[in-house]
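*Asks:* Those protein sequence lines, which keep their order, are chains A and B. Mapped onto my numbering, the consecutive letters of the first sequence carry residue numbers 399 to 721. Mapped onto my numbering, the consecutive letters of the second sequence carry residue numbers 2 to 334. Idealized CB from N, CA, C, for every residue including glycine. Quantities reported herein were computed from a predicted structural model and do not represent experimental measurements.
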Amino acid sequence: MSLLKSREAILALAIVALLAVIASRFPAFITPRNLAGVLTDTSPLILLALGQMAVILTKCIDLSVAANLALCGMIAALMDGMGVPLPLILLAVIALGAGLGAVNGLLVWRLGIPSIVVTLGTMTIYRGAIFLLTGGAWINAHQMSDAFKAFPRTVVAGLPVMAWIAIAIVAGFALLMLRTPLGRAFYAVGGNPHAAVYTGISVGRTQFAAFVLAGALAGLTGYLWVARYAVAYVDIAGGFELDVVAACVIGGIAIAGGAGSVVGAVMGALFLGIIKNALPVVGISPFWQMAISGSAILIAIAFNARANREAGRIILKQAEHRT
Amino acid sequence: MTDATVTPTGRQIPDRLVSPLARALKSWEMLLLIVAAAIFIANSLASPYFLDPWNLSDATFNFTEKAMIAFAMAMLIVAGEIDLSVGSAIALCSTVMGLAMAAGAGTPVLVLLGLGTGLACGAFNGLLVARFGLPSIVVTIGTMSLFRGISYIVLGDSAFTGYPASFAWFGQGYVFWVITVELVIFAIAAVIFGIVLHRTNFGRMVYAIGNNATAARFSGIRVERVKFILFLLTGLMSGIAAICLTSRLGSTRPSIATGFELEVVTIVVLGGISILGGSGSIPGVVIAALVMGLVTFGLGLLNVPGIVMSIIVGGLLIGVIALPRLWTMIRRR
Chain A
399 MSLLKSREAI LALAIVALLA VIASRFPAFI TPRNLAGVLT DTSPLILLAL GQMAVILTKC
459 IDLSVAANLA LCGMIAALMD GMGVPLPLIL LAVIALGAGL GAVNGLLVWR LGIPSIVVTL
519 GTMTIYRGAI FLLTGGAWIN AHQMSDAFKA FPRTVVAGLP VMAWIAIAIV AGFALLMLRT
579 PLGRAFYAVG GNPHAAVYTG ISVGRTQFAA FVLAGALAGL TGYLWVARYA VAYVDIAGGF
639 ELDVVAACVI GGIAIAGGAG SVVGAVMGAL FLGIIKNALP VVGISPFWQM AISGSAILIA
699 IAFNARANRE AGRIILKQAE HRT
Chain B
2 MTDATVTPTG RQIPDRLVSP LARALKSWEM LLLIVAAAIF IANSLASPYF LDPWNLSDAT
62 FNFTEKAMIA FAMAMLIVAG EIDLSVGSAI ALCSTVMGLA MAAGAGTPVL VLLGLGTGLA
122 CGAFNGLLVA RFGLPSIVVT IGTMSLFRGI SYIVLGDSAF TGYPASFAWF GQGYVFWVIT
182 VELVIFAIAA VIFGIVLHRT NFGRMVYAIG NNATAARFSG IRVERVKFIL FLLTGLMSGI
242 AAICLTSRLG STRPSIATGF ELEVVTIVVL GGISILGGSG SIPGVVIAAL VMGLVTFGLG
302 LLNVPGIVMS IIVGGLLIGV IALPRLWTMI RRR
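In structure tokens:
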């Protein structure tokens, strides 16, 4: 546990160092106002990283979250166009997201198909569904109601609602992970599936729960995304699933399952969010973002693997690396 | 647990999982052939333009580039690893070729650079997975972002165009009548990979690793080296596919070959390669590639948009794995 703590400390130091480097040339970047903006910008990544964390803890991976987000966002915009009130829209997208997650979860739980295959498939199906719904049309700002667009941006106590939602869900997730049987089950299933079965935890059911949770968060984020950027089309958040996995891996969530913390996932997301926001400030082309994310994933897994290397007696080099 | 012994000349590994599966696999390729024939007939009935030899020749472009990679990916998946970075590797190869072309390089140099960059991508993945023991799914998700990211850094939102005329031969040339260069490369690759996987010691090692990596190591197989070579092969095939695709399109954009990894994995899985490793065959992959090509071409003739085709590809990927499992679940009740 002390190792885990120290890894998060290292990540926190890395974030502080990153901010210090940026601030040394551009002091305006670390004004509270700008940092609040960075937090708001990073909220979708934080929300999805939390859901992905639950999935990865149970030895699975969900590559369909970004497509889920886009589909739910589009449905939210379409419902708004039909005059559905905002609270209903919110409930609907969360339920829809959870349903899409449940499809992934059922395929993994009931049919035992590897999660990477399932979500690689549903990723294209969900995104294709947006095209089927709209015929490829865009929904622009002027087609959305003011209440729909204003909600995530409404400033309460100095921060937009979007950031507050992220903060509330981070707190809720911390409680879930540390104080509830389900939270412990996520760790147990990923840490040692056989032992989990003997203690009466259903591995498949827990994985299902993780996918539903990730899906519900993706659904909620779908609304927030579309409302904040005031546009919905087929390709919104394209490739975002890679950033989400990157945030988790950087945050020290072990890809083999069973280890990782909410704080880590949030800091992993913030780390990427700060880089993303700093690039234009520092004057680097935003086209660098993708390569930086990729390098960050590779560095982080190499780093995690070093930290996780078993200290025990190794007769033969470990043969199986499969997750 | 099991008394699995790996003999390079022996039959299937005596593991209780394999023998019923091997029997099922024989019928799987038969089933695929029937499906391919059915789609062929349905297509020729649905569209009067289908049975034209030139149209059919065009249709092969739908799968040749992906299928080249699928052969190498099949071996990788049999060995229990996966490479999701193939589409991005194509983008990087194409970008490197574009840079060389802009600097005035001729066709031979472009081809060498394409192959070399593919090998380098494969070596990078292989090094991280085999040498440092990192999980291949995450490594290749990372390199998927990194390779294409480099293309974006180089190109931004611009593109390379104006490849030399002789370079167009790979993607647009014909060897004989309607037989394209790409189709010939595809056929040669199918034969070579079929022989390597099914008729050589190396192929037996790949199956052994996929079935039980620990047992394979105890029987003297250098697991890391085999895996490294497999990643190298996948990189090489990505390089060849990049040459064909760039030559066919005549331009390089950083978004080139986006989503290729999905279709390649779908072809492999459709071909009856177990995603958990250890079983499957190259002939299955060949037929699966034909099925995919026929499906997408037939839908294209019916004016179905590309994104709808990708839904069908995604559905195929899940359905092909889900249906046999559903079937056994229902029969057990």
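(1) Considering only the alpha carbon of each residue, which of L409(A), L443(A), L433(A) and Y631(A) lies closest to V642(A)?
(2) Name the one or two DSSP bridge partners that S239(B) has.
(3) Considering Cα atoms alone, identify which of D439(A), I428(A) and A410(A) is closest to G671(A).
(4) Which of the residues in the segment 170–202 of chain B, read from start to end, lie with their CB under 8 Å from any CB of chain A?
(5) Check the C-beta distance from A694(A) over to I648(A) and give it rounded, since I have them as a contact under 8 Å.
(6) Between the segment 71–83 of chain B and the segment 93–107 of chain B, are three or more C-beta pairs nearer than 8 Å?
(7) Kindly list the residues whose CB is nearer than 8 Å to the CB of I473(A), restricted to its own chain and excluding five residues on each side of it in sequence; keep chain order.
(8) Mind pulling the chain B residues with CB within less than 9 Å of T520(A)?
(9) Should V680(A) go down as buried or exposed, given a rule of 16 or more other Cβ atoms within 10 Å for buried?
(10) For the candidate residues L505(A), L488(A) and Y627(A), whose alpha-carbon lies nearest to that of L327(B)?
(11) Hey, is A689(A)'s beta-carbon within less than 8 Å of any beta-carbon in chain B?
(12) Using only the alpha-carbon positions, how far apart do P306(B) and F219(B) sit?
(13) For the segment 203–214 of chain B, which residues have a CB atom closer than 7 Å to at least one CB atom of chain A, in sequence order?
(14) Taking only beta carbons into account, state which residues of the segment 479–512 of chain A come closer than 7 Å to chain B, listed in chain order.
(15) Could you work out which residues of chain B lie near D441(A), taking near to mean beta carbons separated by less than 9 Å?
(16) Answer yes or no: do G273(B) and Y164(B) have a C-beta to C-beta separation smaller than 8 Å?
(17) Any heavy atom of the ligand PLP closer than 7 Å to the beta-carbon of M145(B)?
(18) Residues bridged to F261(B) by DSSP?
(19) Counting along the chain, where does the alpha helix (DSSP H) carrying Y621(A) start and finish?
(20) Indicate the three-state DSSP secondary structure (helix, strand or coil) for Y175(B) in the structure shown.
(21) Using the Cβ count rule (16 or more neighbours within 10 Å means buried), how would you classify G556(A)?
(22) Given this structure, state the Cα-to-Cα distance separating V554(A) from T215(B), to the nearest angstrom.
(23) For a test of the three-state rule: what should DSSP assign to S252(B), helix, strand or coil?
(24) Leaving out five residues before and five after Y175(B) in sequence, what residues of the same chain have Cβ atoms less than 6 Å from its Cβ?
(25) Is it buried or exposed for T329(B), if we count other Cβ within 10 angstroms and need 16 for buried?
(26) At a Cβ threshold of 8 Å, is I537(A) touching chain B?
(27) Would M293(B) and I268(B) be called neighbours here (beta carbons separated by less than 8 Å)?
(28) Whose Cβ in chain A lies nearer than 9 Å to the Cβ of F229(B)?
(29) Could you tell me how far apart the beta carbons of S248(B) and Q173(B) are, in whole angstroms, since I believe they sit closer than 8 Å?
(30) In this structure, does DSSP put A535(A) in helix, strand or coil?
(31) So F168(B) is in the alpha helix (DSSP H); what residue range does that whole segment cover?
(32) So, does the CB of V595(A) fall closer than 8 Å to a CB anywhere in chain B?
(33) Excluding the 5 residues preceding and the 5 following A190(B) in the sequence, name in chain order all residues of the same chain whose CB lies nearer than 6 Å to its CB.
(34) Could you name the residues of the same chain whose beta carbon sits closer than 8 Å to that of I699(A), not counting the 5 residues immediately before and after it, in chain order?
(35) Using a Cβ-Cβ cut-off of 8 Å, state whether L93(B) counts as contacting chain A.
(36) Please report whether the beta-carbon of T141(B) lies at a distance below 8 Å from any beta-carbon of chain A.
*Replies:* So, from the data block:
(1) L443(A)
(2) Answer is none; S239(B) lacks a bridge partner.
(3) D439(A)
(4) none
(5) 6 Å
(6) no
(7) A490, V491, L494, L531 and G620
(8) G315 and I319
(9) exposed
(10) L505(A)
(11) yes
(12) 51 Å
(13) A214
(14) L505, L509, G510, I511 and P512
(15) Contrary to the premise, residue 441(A) reads as Ser rather than Asp in this sequence. Within 9 Å Cβ-Cβ: nothing; S441(A) doesn't reach chain B, min ~21 Å.
(16) no
(17) Among the components of this structure there are no ligands whatsoever, and the ligand PLP is therefore not found.
(18) Its beta-bridge partners do not exist; DSSP assigns none.
(19) V601 to Y627
(20) strand
(21) exposed
(22) 58 Å
(23) strand
(24) T181
(25) exposed
(26) no
(27) yes
(28) None at all; the shortest Cβ gap to chain A is about 13 Å.
(29) 7 Å
(30) coil
(31) Counting along the chain, F168(B) falls outside any alpha helix (DSSP H), and DSSP gives it neither H nor E.
(32) no
(33) M69 and F72
(34) V647 and I653
(35) no
(36) no
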